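Numbering (this note's numbering), first residue to last: 691 to 985. Glycine residues also receive a C-beta, built at the ideal position from the N, C-alpha and C atoms. Note that the structure is a prediction, hence the values are computed from the model and not measured.
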Amino acid sequence: MKTNNPLSIFMIVVATVIWGGAFVVVKDGLSYISPLWQLSLRMIVASVVMLIVFFPRLRKISRREFREGIIIGIFFALALVFQNIGSVYVSAGKASFMTVSYVAFVPIIGMVFFKQKIHIIRLISMVLCFIGVGLLTLTEKFTVNWFDTILIICGFFYGCHIVAIDKINRDSDLVTIHLIQVVTATVISTVLALIFEPLSGIQFNNQSVSGLLYCGVLEVCIGFLLQLKGQRGTGSFLAGILFSMECIYAGIFGIIFMGDSFTFKMALGCVLIFCSAIVEAVGSSIMERRLENGY
């Protein structure tokens, strides 16, 4: 079992705070730049920074790593596309909790495509998550807002992304794969922006540019590196709990900086989704220990 290194814990906490803040930054930036162009531009920023810093690694890239990077890059891009579009008319805090719905999708994807069993703890996590999403999205007439549906689709693609990452070969260089992932997401988001959104949807000012730099450099580049280094020195149980705090930070930042408000029903939904992430972390830790002990 991994020991929990204090520096590694600090890295993960910083990463989740950065990602939580990104929901607020993205929401604010949508006032100046249309969803697909905002995503495209922030990914271009991330690609340029990562290519400058990590370009020498591409000389040693294998076909397997290139293929793995493209596959997770496609899911990464689709998740971000639906997340950005769904965030147009949804608060930053709500969008962050809706994104965590991947907790329910990951076991389903694993069962359907890889015949993985869903253990009772994960089943409990899924039920909590689905109830939480229902409280967040269902109206009094039991209908779902179109943008909420888009964010649920975003959660599904994040689930696909997580499952795909889990299948990456242990010998693969994760930094190189992330570089390919970012470039792939940049190409996809830019092509979609050129097809579906006019260039007039871009308005550059101090606020929009600073938002693009925050998301491109801090969220995508630095946040990932902190996650990568932090996970190496942290047990999966604690790491899972720390990563689930992203939605809590986003909710707090949304209330402070965007004036977001939550009804009792929405707050209860958020609590259930957060609890589902905690239950998933506990379940993963228990299953890992059983495998290590040979039963």
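- Around the Cβ of Trp709, a 10 Å sphere holds 16 or more other Cβ atoms; the residue is buried.
- Pairing Gly973 with Lys717, the inter-Cα distance amounts to about 33 Å.
- In the structure shown, Leu720 adopts coil according to DSSP, grouped into three states.
- Your pair Asp950 and Ser721 does not check out as a contact, with CB atoms roughly 15 Å apart and the cut at 8 Å.
- Using a C-beta cut-off of 8 Å, the stretch 740 to 760 makes no contact with the stretch 803 to 814, since fewer than three inter-stretch Cβ pairs fall below that distance.
- For Val780, the three-state secondary structure derived from DSSP is coil.
- DSSP, reduced to helix, strand and coil, places Val793 within a helical segment of the structure shown.
- Inclusion of Val793 and Ser777 in the CB contact set at 8 Å is not warranted, their separation being larger than that value.
- Contact between the stretch 762 to 774 and the stretch 937 to 945 is absent: fewer than 3 CB-CB pairs across the two stretches fall below 8 Å.
- CA-to-CA, the gap between Ile946 and Gly783 works out to about 11 Å.
- The beta-bridge partner set that DSSP reports for Ile892 consists of Ile723.
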